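The structure appears below as structure tokens.
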Amino acid sequence: MCLYNQAKGPQVEPPLSHTGFIMLSIIMAIFTGPAIILNATVIIVSLMYKQLRQPLNYALVNLTWAQR
Numbered sequence: 015m016c017l018y019n020q021a022k023g024p025q026v027e028p029p030l031s032h033t034g035f036i037m038l039s040i041i042m043a044i045f046t047g048p049a050i051i052l053n054a055t056v057i058i059v060s061l062m063y064k065q066l067r068q069p070l071n072y073a074l075v076n077l078t079w080a081q082r
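Take the position in the sequence shown, starting the count at 1, then add 14; the result is the number in the numbering used here.
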């Protein structure tokens with residue numbers, strides 16, 4: 015449903031209710047927390063062990079850094 019307000023222009027209903035936005039933020043937090051921990055682990059382990067410093071592993075570290 016699209017409402018129209020003369021002073022502000024068209025008013026559009028939000029795609030989710032307040033409860034929907036809360037649930038979405040909880041789901042995003044559930045995925046984001048472990049992702050940060052695992053990405054940090056990849057970076058730390060790659061820095062600690064010299065035998066892991068190979069071109070493919072540099073690409074993995076680059077990907078984990080880009081996701082932060």
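Every residue, glycine too, gets a C-beta built ideally from N, C-alpha and C. All of these numbers come straight from a predicted model, not from anything done at the bench.
Reduced DSSP category for residue i - H, G, I as helix; E, B as strand; rest coil
| i | result |
| --- | --- |
| Q25 | strand |
| Y63 | coil |
| L30 | coil |
Residues near residue i in its chain [Cβ-Cβ closer than 6 Å; skip 5 each side]
| i | result |
| --- | --- |
| S60 | L66, N71, V75 |
Sequence-distant residues of its chain with Cβ nearer than 8 Å to residue i (five each side left out)
| i | result |
| --- | --- |
| P49 | First, the amino acid is wrong: residue 49 is Ala here, not Pro. Excluding sequence neighbours, A49 sits near Q81. |
Handout entry: Inter-stretch contact (C-beta, 8 Å, three-pair minimum) for the region 39 to 51 and the region 61 to 72
Key = no
Problem - At least three beta-carbon pairs within less than 8 Å, the region 45 to 56 to the region 70 to 78 - result: yes
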